[in-house]
Amino acid sequence: MIYEETYQYLLRNVSSTEFDTCLYALLHSDWDGVIQSPLHMMARGVGTTEKYLRQIINKFTAPQGSLKKVFVPVHQGEDVLYKFNLGPASNLGYNRKTDRYCKKYRFFYSDAFKTLTIHGKRLLLMGAFRMSVLKSEEVLFEYHEIVPDSSSLFTRQRLLDAVDAIHDALSHIVTISFASRAFSKKEVLVFTFSEGILEQYKENRAERTLLRRTIFNSGYLGHINDSVCRELERVGKYIFRSFLQEATNISNDIQKELQKLARFVYSHSLKKFGQALPANKQLLLAPKQASAYLSKIMYNEALEQMVKYAHQAESIKSLLERDHFHRNISEKAFRREVNELEMAKHIEPILHKYHQADYIRHVLNDWCEKWLISRVKTVTEEFRAEGKRKSTDDKQIAAEYMERIRNDTYGQLDRLLTLLLKYGNHAVAPAVRNFPLTKKKETLQSYFAIQKERLDVLSISS
Numbered sequence: 241m242i243y244e245e246t247y248q249y250l251l252r253n254v255s256s257t258e259f260d261t262c263l264y265a266l267l268h269s270d271w272d273g274v275i276q277s278p279l280h281m282m283a284r285g286v287g288t289t290e291k292y293l294r295q296i297i298n299k300f301t302a303p304q305g306s307l308k309k310v311f312v313p314v315h316q317g318e319d320v321l322y323k324f325n326l327g328p329a330s331n332l333g334y335n336r337k338t339d340r341y342c343k344k345y346r347f348f349y350s351d352a353f354k355t356l357t358i359h360g361k362r363l364l365l366m367g368a369f370r371m372s373v374l375k376s377e378e379v380l381f382e383y384h385e386i387v388p389d390s391s392s393l394f395t396r397q398r399l400l401d402a403v404d405a406i407h408d409a410l411s412h413i414v415t416i417s418f419a420s421r422a423f424s425k426k427e428v429l430v431f432t433f434s435e436g437i438l439e440q441y442k443e444n445r446a447e448r449t450l451l452r453r454t455i456f457n458s459g460y461l462g463h464i465n466d467s468v469c470r471e472l473e474r475v476g477k478y479i480f481r482s483f484l485q486e487a488t489n490i491s492n493d494i495q496k497e498l499q500k501l502a503r504f505v506y507s508h509s510l511k512k513f514g515q516a517l518p519a520n521k522q523l524l525l526a527p528k529q530a531s532a533y534l535s536k537i538m539y540n541e542a543l544e545q546m547v548k549y550a551h552q553a554e555s556i557k558s559l560l561e562r563d564h565f566h567r568n569i570s571e572k573a574f575r576r577e578v579n580e581l582e583m584a585k586h587i588e589p590i591l592h593k594y595h596q597a598d599y600i601r602h603v604l605n606d607w608c609e610k611w612l613i614s615r616v617k618t619v620t621e622e623f624r625a626e627g628k629r630k631s632t633d634d635k636q637i638a639a640e641y642m643e644r645i646r647n648d649t650y651g652q653l654d655r656l657l658t659l660l661l662k663y664g665n666h667a668v669a670p671a672v673r674n675f676p677l678t679k680k681k682e683t684l685q686s687y688f689a690i691q692k693e694r695l696d697v698l699s700i701s702s
């Protein structure tokens, strides 16, 4: 998507090659906005030299007055990649109710488009953006929208030259004509795009490339077909959207932390999925089973992260409670006695860190609970809907499935409890350290007992 923020930037702040660089970045960015393309491939895709592309990157990564940096360096392993910093990161940050956007139409990436002057590119982008928003292949602009005054980007002559250049290069895509409104006699510019252009856009495959690379680097050298990739991506999108949905109306640093956490859980789970593939190649023939397998790995990863953040929150909380410790540090810094207000100011960063860890623990805990409930509900709902047609074998399979979920969950919780007891912060009492997990296990024991009773009742009634 070319969102409003990117659209406005392209209209006002870039050269012709910089325009193409931004369009390339949009097509090759992952869900976090990181451009998954090495420099030589990026230069080839933009249609420039590596030397000139480096100059563009230097400009885009430098402060530009009040404008945001266009690119932000991101270290991934030994590589330095760049995050495209304008607009929401991919369609995961898209708000259907408020965000306006232009699709990445195929003609934006054609050689003919790249030969246009910057004014030709701007004019065609304006027409394409309105076409995308209105979902109409014929759109118009009032003349004063394009040439509002003598200080605007377009003069009349520049506008006429841009129209001629577009017709010379892309007349098979669009025609632009001047007309006047029937009643007001105001001059308008009419864009008439060829039939079907609305649906001729490019799809961003950067995330799929990253998925295949992650699995390849984990040790599985075979090919992952598109149908399996789509299912795995669906699971990945779910965790990103779930985390980001929880991140509304909270501080920006927590939002960033949740997005980083979603990426970590997804990427780390993909690595484990890839490591398991040699012994489970049948998953590549059953996309739904593959996504279910990955989903289970992601649940275990999210649960482990929840324990880490819960432990972090408890550790910070125990630090906050040491008033004498903070008072001594504050008084040494000020070289005098301090009052309660000065003490509160001293511990404010620590309190902020506590709230962040506790909030993320809450998000992860809710996600894990919803995941578990959705798995168990599939069993009871199937019986509720079709109980009378279930055989004894079906009932046995359902009971074994629920028991397997329960045992796997308890096993994971017991493993984490052992690790927490052994490696956790010993400044926190063991009972306090283990409380989140022991409480969770007690809650789950009650939950599974209730679900088993329901399944037994449904089995008897059927």
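With positions in the sequence shown counted from 1, the corresponding number in my numbering is that position plus 240. Each residue gets a CB set at the ideal place from its N, CA and C atoms; glycine is no exception.
In the DSSP assignment, find the alpha helix (DSSP H) that holds Ser-372 and state where it starts and stops.
The count along the sequence shown starts at 1 and reaches residue 372 at position 132. Looking at the DSSP string, the run of the alpha helix (DSSP H) that includes Ser-372 is 358-374.
Relative to the C-alpha of Leu-534, which candidate in Val-468, Met-546, Lys-585 has its C-alpha closest?
Your numbering for residue 534 matches position 294 in the sequence shown. The option with the nearest alpha carbon to Leu-534 is Val-468.
Which word fits His-384, buried or exposed, when buried means at least 16 other C-beta atoms lie within 10 angstroms of its C-beta?
Position 144 of the sequence shown, counted from the first residue, corresponds to residue 384. Exposed: under 16 other Cβ atoms inside 10 Å.
Which whole-angstrom value is the C-beta distance of Tyr-341 and Ser-372, which I expect to be below 8 Å?
Within the sequence shown, residue 341 is the residue found at index 101, counting from 1. Within the sequence shown, residue 372 is the residue found at index 132, counting from 1. Indeed, because the Cβ distance is near 7 Å, the residues count as touching under 8 Å.
If the criterion is Cβ atoms closer than 8 Å, does the pair Ile-296 and Glu-258 meet it?
In the sequence shown, residue 296 corresponds to position 56, counting from 1. In the sequence shown, residue 258 corresponds to position 18, counting from 1. Cβ distance < 8 Å, so Ile-296 and Glu-258 count as in contact.
For Gln-495, which option in Gln-596, Gln-515, Ala-405, Ser-507 has the closest C-alpha, if you only look at C-alpha atoms?
Position 255 of the sequence shown holds residue 495. That would be Gln-596, whose Cα lies nearest to the Cα of Gln-495.
When burial is assigned at 16 or more other CB atoms within 10 Å of the CB, is Met-241 buried or exposed?
Residue 241 sits at position 1 when you count from the first residue of the sequence shown. With 16 or more Cβ atoms within 10 Å of its Cβ, Met-241 is classed as buried.
Residues in the same chain with beta-carbon distance under 7 Å from Glu-497, minus the five sequence neighbours each way, listed in chain order, please.
For this step, residue 497 is matched to residue 257 along the sequence shown. Only Gln-596, Ile-600 meet the Cβ criterion.
Touching by the beta-carbon criterion (3+ pairs, under 8 Å), the region 529-543 and the region 508-521
yes
Should the region 311-331 be called in touch with the region 254-269, which here means at least 3 C-beta pairs below 8 Å?
yes
For the alpha helix (DSSP H) that contains Ala-265, what are its first and last residues?
One-based indexing of the sequence shown puts residue 265 at position 25. That run of the alpha helix (DSSP H) goes 256-267.
Classify Phe-418 as buried or exposed, calling it buried when 16 or more other Cβ atoms lie within 10 Å of its own Cβ.
For the purposes of this step, residue 418 is taken as residue 178 along the sequence shown, with counting starting at 1. Exposed, since its Cβ has fewer than 16 Cβ neighbours within 10 Å.
Count the CB pairs spanning the region 437-444 and the region 344-352 that are closer than 8 Å, and state whether there are at least three.
yes
In angstroms with no decimal places, state the Cα-to-Cα distance between Gly-273 and Ile-637.
Indexing the sequence shown from 1 puts residue 273 at position 33. Indexing the sequence shown from 1 puts residue 637 at position 397. Spanning the two alpha carbons is a distance of roughly 44 Å.
Which value, in whole angstroms, describes the spacing of the CA atoms of Ala-516 and Ile-464?
Taking the first residue of the sequence shown as 1, we reach residue 516 at position 276. Taking the first residue of the sequence shown as 1, we reach residue 464 at position 224. The straight-line gap from Cα to Cα measures roughly 14 Å.
Between Arg-615, Glu-609, Trp-607, Leu-559, which lies nearest to His-592 when the distance is taken from Cα to Cα?
On the sequence shown, position 352 is the one that residue 592 refers to. Comparing Cα positions, the closest option is Leu-559.
Exposed or buried, Cys-608, counting other C-beta atoms within 10 Å across all chains shown (16 or more means buried)?
The residue you call residue 608 lines up with position 368 of the sequence shown. Flag for Cys-608 reads buried.
So Arg-448 packs on Glu-473, CB below 8 Å; how close in whole Å?
Within the sequence shown, residue 448 is the residue found at index 208, counting from 1. Within the sequence shown, residue 473 is the residue found at index 233, counting from 1. Sure, about 7 Å apart at Cβ, within 8 Å.
So Val-314 is in the alpha helix (DSSP H); what residue range does that whole segment cover?
Start at 1 with the first residue of the sequence shown, and residue 314 comes out as number 74. Run containing Val-314: none in the alpha helix (DSSP H); it sits in the beta strand (DSSP E), 311-316.
Who are the Cβ neighbours of Tyr-539 in its own chain at under 7 Å, not counting the five residues just before and after it?
Here residue 539 refers to the residue found at position 299 of the sequence shown. Excluding sequence neighbours, Tyr-539 sits near Cys-608, Trp-611.
For Lys-308 and Val-286, the rounded distance between their alpha carbons
What you label residue 286 is simply residue 46 of the sequence shown in a count that begins at 1. What you label residue 308 is simply residue 68 of the sequence shown in a count that begins at 1. Each residue's Cα considered, the two are about 22 Å apart.
By DSSP's criteria, Thr-415 is part of a beta bridge. Which residues make up the other side?
Reading the sequence shown from its first residue, position 175 is the one you call residue 415. BP columns for Thr-415 point to Thr-432.
Got a sec? Which residues, its chain only, sit under 8 Å from Val-672 by beta carbon, not counting five neighbours each side?
Your numbering for residue 672 matches position 432 in the sequence shown. These residues qualify, in order along the chain: Glu-554, Ser-558.
Taking the C-alpha atoms as reference points, what is the distance between Leu-374 and Arg-398?
Stepping through the sequence shown from its first residue, residue 374 is reached at position 134. Stepping through the sequence shown from its first residue, residue 398 is reached at position 158. Straight-line Cα distance between these residues: approximately 26 Å.
Please determine if the region 406-416 and the region 355-371 are in contact, where contact requires at least 3 C-beta pairs separated by less than 8 Å.
yes
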